[in-house]
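Trainee: In this note's numbering, the protein residues as written are 6 to 332. By construction, the Cβ of each residue, glycine as well, lies at the ideal position given by its N, Cα and C atoms. It should be emphasised that the depicted structure is a prediction, and the values quoted were computed from it without experimental measurement.
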């Protein structure tokens, strides 16, 4: 089968990760072009990855041989990129967070629905091997009543992440959305109400430390979600408690167990997944096979809705409702 020819918008550290996977690990995908504002840097990277260079992403999207687009850029740029992709009917893989805020997110959703252009959000944590081991084991613990998720990392070196006009927020929006999405996937429920506290430990303009308590809709499921980018260490905790036991894991440290009574049983964890690689592989496959997108834009925006509720709750000093994103 002829490889899917894609254009990559944004070739910073994370964007180059996409480019390397396409070149080295994905024969079913070909990098046709890349776009970076600095044309000299774009040309140097294009020479490295064997593709064309653009300084204007709109020219990349309009190129007749570009069949689909990947955008790995700050979320402040998503609105214009989605508008251009929708106008050109170019399928789009959009890095998380799907939008800088829910208001913009609704505009993106209207564009996608108005044109029918497929837009998938790169919620890469769904492809993690430990996450998949725990998802597979969910029936063993019966009805879920509580979930606890955490991610703790070192401070980010990216200056733009601490610029609210570009990033839209800090740890809650950029890492929290991974956990908010995972919470929905594990429980099969939408978030109803959120309380949240946040602080800045290393950052100056955005939060890098937060703790949220979440009630899910339609039942008694409660969750706590905690994140920090202020430690010289990494972890990604997952705890699911159900009527027949618990599932405990760490998606960074590759740990996964089932607890029943006082018995602890390791869960089988598959090979380490290159999650960026797998999300691109899935994106290409659904386009070639005309299957529904596994993570459509609305799914990514539901995680943004929880993040936005966290900001409102922190500012208000009380629990707030999560906006219901229909469709």
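Is residue 75 near residue 90, with beta carbons less than 8 Å apart?
Mentor: Cβ atoms of residue 75 and residue 90: not closer than 8 Å.
Trainee: Verify whether the separation of the beta carbon atoms of residue 31 and residue 13 is less than 8 Å.
Mentor: No, these two residues do not count as a Cβ contact at 8 Å.
Trainee: If I measure Cβ to Cβ from residue 3 and keep anything under 6 Å in the same chain, skipping five residues before and after, which residues do I get?
Mentor: No information on residue 3 is available, as it lies outside the stretch 6 to 332 that the chain covers here.
Trainee: Is the distance from the Cβ of residue 57 to the Cβ of residue 159 below 8 Å?
Mentor: No.
Trainee: DSSP three-state label for residue 61, please.
Mentor: DSSP places residue 61 in coil when its eight states are reduced to three.
Trainee: For residue 251, which three-state DSSP category applies?
Mentor: In this structure, residue 251 counts as strand in the three-state DSSP scheme.
Trainee: Within its chain, find whatever has a CB closer than 7 Å to the CB of residue 220; leave out the 5 residues flanking it on each side and keep chain order.
Mentor: For residue 220, where only same-chain residues beyond five positions count, the Cβ hits under 7 Å are 197, 198, 227.
Trainee: When you compare each of 182, 166, 183 to residue 175 by their alpha carbons, which one comes out closest?
Mentor: Out of 182, 166, 183, 166 has the C-alpha closest to the C-alpha of residue 175.
Trainee: Starting from residue 229, follow its DSSP beta bridges and name the residues at the other end.
Mentor: Answer is 153, 218, bridged to residue 229.
Trainee: Just curious, the beta strand (DSSP E) that residue 13 is in, first and last residue?
Mentor: Looking at the DSSP string, the run of the beta strand (DSSP E) that includes residue 13 is 9-14.
Trainee: What number of angstroms, rounded off, separates the C-alpha of residue 292 from the C-alpha of residue 23?
Mentor: Approximately 18 Å between the Cα atoms of the pair.
Trainee: Quick one, which of 19, 213, 59 has its alpha-carbon nearest residue 3's?
Mentor: Beyond the ends of the chain as shown, which are 6 and 332, falls residue 3; an answer cannot be given.
Trainee: Please give me, in chain order, every unbroken run of the alpha helix (DSSP H) with length at least 4 that falls completely inside the stretch 252-328.
Mentor: Those alpha helix (DSSP H) runs which fall completely within the stretch 252-328 and span 4+ residues are 280-294, 302-321.
Trainee: Let me check understanding here. Comparing Cα to Cα, which of 314, 251, 255 lies closest to residue 147?
Mentor: Checking every option, the nearest Cα to that of residue 147 belongs to 251.
Trainee: Go to residue 135, then tell me how far its alpha helix (DSSP H) extends in each direction, as first and last residue.
Mentor: Run containing residue 135: 134-142, per the alpha helix (DSSP H) assignment.
Trainee: Cβ atoms of residue 242 and residue 154: under 8 Å apart, would you say?
Mentor: Cβ atoms of residue 154 and residue 242: closer than 8 Å.
Trainee: Please identify the residue among 168, 48, 123 whose C-alpha is closest to the C-alpha of residue 211.
Mentor: For residue 211, the nearest C-alpha among the options comes from 168.
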